[in-house]
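Below you'll find the structure, written out as structure tokens, and then a few comments.
2 protein chains.
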Amino acid sequence: MEPTSESRSDRKRQLLLNAATEIFLDKGYDGTTMEDVAMKAAVSKPTVYRFFSDKERLFAEIVRATTGEIDELVRLVVETMAEQTNVESALLVLARRFLSALMQPRVLRLRRLVMANAERFPDVGRSWYEQGFDRVLATLGTSFRSLSDRKLLRVDDPLLAASHFVGMLLWIPINKAMYTGDYRSRPGELERFAVAAVRAFLAGYGPASGSAPSPAARVRKRP
Amino acid sequence: MEPTSESRSDRKRQLLLNAATEIFLDKGYDGTTMEDVAMKAAVSKPTVYRFFSDKERLFAEIVRATTGEIDELVRLVVETMAEQTNVESALLVLARRFLSALMQPRVLRLRRLVMANAERFPDVGRSWYEQGFDRVLATLGTSFRSLSDRKLLRVDDPLLAASHFVGMLLWIPINKAMYTGDYRSRPGELERFAVAAVRAFLAGYGPASGSAPSPAARVRKRP
């Protein structure tokens, strides 16, 4: 069967998005021209404009297109946490997977690209925050709530607990990578962050014998 | 007494740095020209070049000059934590001060500027990471170690504990600001992050009655 003109057009659009993503990640927003994109995709400049009216639109599209990578992360959370009975080992697996997914140079560069342009294109940044950052946190929060219902964790505010887990895990490695640009972690360094975050998280939110309130809840009740 | 020519030159240099900082924060690295800086400082372009040989050098200098703002944060940590006997209230004061210092639009924009250019100028980013991010964390770690020595906290690895405190506190608000470019938080929102981070931190690292190992240490010892 011949490909329909619609599917050919979709393929060309995807080809342009891929080429544009590479250029934007490499050269940043200001350093990218529509001509670069045309050259990279081996099409004419008018072809680029036929699909994307201007550079701003193209930029918004390539950022939006990365929600696929977010879907991957969401699936990873759900699969890792579902039906686990040993919370500690599930969290450790999740911590390692988070680190290896988020510390990929491509993901870090995408994060840098969106942040760099957040003041210029707040809608693009907001959509990435809501569809990316927030969605992953919400999914993790849902897992924590379900573990809490099964008495495997003790969590009052699942979304905050999720941000505590991820914040403890990622604060040093993500910032180091974002600030230094050429971050390669030393062997064992990321594993140390994973183990420490899981340990501290369970110390605060882990189950205790009996039906005592969680340590986190106890602190709040102090006079 | 007449100002010496050295002090006049220092003042002019500082004037140029201030002007350049405003322009870089406003327009980013690519959007800034030496001509903009000259206009903002009301000097001639050759004057700018007499102090800074090129835009790259000027950028490195304005980033380095912000270590003054870091000193402020370091002093804040030391003063807040020194000689405290009520750790919970000290941490809460510190959490609020951290949030109000770091969530200032100017600080967030500086963070964005350095991150945005970290691949292009890794030395600038690395120096900011080491002199800024790392130094604040190390100072907080030293405070935690001293509180741990006085049995007011139970901390094995003070630097990691410091990153856990700060990561739990800042993960949502800093990322939200960095991605969305919108620095206004709802009333009470930051206070909620402060209270929750202190609570979860003390649940994991707080003192317990007697000389039992900390909850965080306990988790490690599980078979």
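Heads up: the protein sequence lines correspond to chains A and B, in order. Heads up: the first sequence begins at 30 in our numbering, then just goes up one per residue. Heads up: the second sequence begins at 30 in our numbering, then just goes up one per residue. By construction, the Cβ of each residue, glycine as well, lies at the ideal position given by its N, Cα and C atoms. All of these numbers come straight from a predicted model, not from anything done at the bench.
Exposed unless 16 or more other CB atoms sit within 10 angstroms - verdict on residue i
i      : result
A/E148 : buried
B/G217 : exposed
B/R141 : buried
A/S36  : exposed
B/N204 : buried
A/Y212 : buried
B/G235 : buried
B/G97  : exposed
B/T114 : exposed
B/A237 : exposed
A/S38  : exposed
B/D83  : exposed
B/P202 : buried
A/A241 : Caution is warranted here: a pLDDT of 44 is assigned to A/A241, below 50, making its placement in the model unreliable, and the coordinate value is therefore given only provisionally. Exposed, because fewer than 16 other Cβ atoms sit within 10 Å of the Cβ of A/A241.
B/A67  : buried
A/R215 : exposed
B/Y272 : The structure shown does not extend to residue 272 of chain B, since chain B spans only 30 to 252, so no value can be given for it.
B/A71  : exposed
A/V116 : buried
B/G239 : Residue placement at B/G239 is poorly supported in this model, since its pLDDT is 39, which falls under 50; the coordinates still yield a value, given next. That one is exposed.
A/V107 : exposed
B/P75  : exposed
A/S73  : exposed
A/R192 : For the sequence presented, residue 192 of chain A should be read as Ser rather than Arg. Buried, since its Cβ has 16 or more Cβ neighbours within 10 Å.
B/R251 : Its pLDDT being 41, under 50, B/R251 is placed unreliably by the model, and nothing is read from it.
Distance between beta carbons of residue j and residue i, contact taken as under 8 Å
i      : j      : result
B/A130 : B/L87  : In fact, because the Cβ distance is near 26 Å, the residues do not count as touching under 8 Å.
B/D59  : A/G60  : 7 Å
A/M207 : A/L128 : Not quite, the Cβ-Cβ distance comes to about 14 Å (not below 8 Å), so this is no contact.
A/A124 : A/L198 : 5 Å
B/F80  : B/R42  : 5 Å
B/L54  : B/L139 : 7 Å
A/A232 : B/G196 : About 15 Å separates the two Cβ atoms, so there is no contact after all.
A/G210 : B/P134 : Going by Cβ atoms, the distance from A/G210 to B/P134 rounds to 24 Å, so no, they are not a contact pair.
A/L219 : A/M132 : 7 Å
B/L189 : B/A167 : Contact doesn't hold; Cβ gap of about 12 Å is too wide.
A/E51  : A/K69  : 6 Å
Chain D residues whose Cβ lies nearer than 7 Å to that of residue i
i     : result
A/E51 : Among the chains of the structure shown, chain D does not appear; the protein chains present are A and B.
Distance cut-off 8 Å: residue i Cβ against heavy atoms of the ligand FMN
i      : result
B/V107 : The ligand FMN is not part of the structure shown, which contains no ligands of any sort.
Legend entry - Segment contact flag, the stretch 109–125 of chain B with the stretch 224–232 of chain B, C-beta cutoff 8 Å, min 3 pairs: yes
Inset, instruction - Could you tell me which uninterrupted alpha helix (DSSP H) segments, each at least 4 residues in length, are contained entirely in the stretch 32–91 of chain A, listed from first to last along the chain? - result: 34–60, 63–70, 74–80
Inset, instruction - Pair every Cβ in the stretch 166–175 of chain A with every Cβ in the stretch 167–176 of chain B, then say whether three or more of these pairs are closer than 8 Å. - result: no
Legend entry - contact_flag[the stretch 91–99 of chain A, the stretch 146–163 of chain A] where n(CB pairs < 8 Å) is 3 or more: The stretch 91–99 of chain A, when compared against the stretch 146–163 of chain A, does touch it at the 8 Å Cβ threshold.
Inset, instruction - Taking 8 Å as the threshold, find out whether the stretch 148–159 of chain A comes into contact with the stretch 153–163 of chain B through three or more Cβ pairs. - result: no
Legend entry - Length at least 4, wholly inside the stretch 103–164 of chain A: the alpha helix (DSSP H) runs in chain order: Within the stretch 103–164 of chain A, the complete alpha helix (DSSP H) runs of at least 4 residues are 116–131, 134–145, 151–157.
Inset, instruction - Assess, as a yes-or-no matter, whether the stretch 178–188 of chain B is touched by the stretch 181–195 of chain A under the definition of 3 or more beta carbon pairs within less than 8 Å. - result: no
Inset, instruction - Could you name each continuous alpha helix (DSSP H) segment of 4 residues or more that falls completely within the stretch 171–233 of chain B, going from the start of the chain to the end? - result: DSSP runs (the alpha helix (DSSP H)) wholly in the stretch 171–233 of chain B: 187–209.
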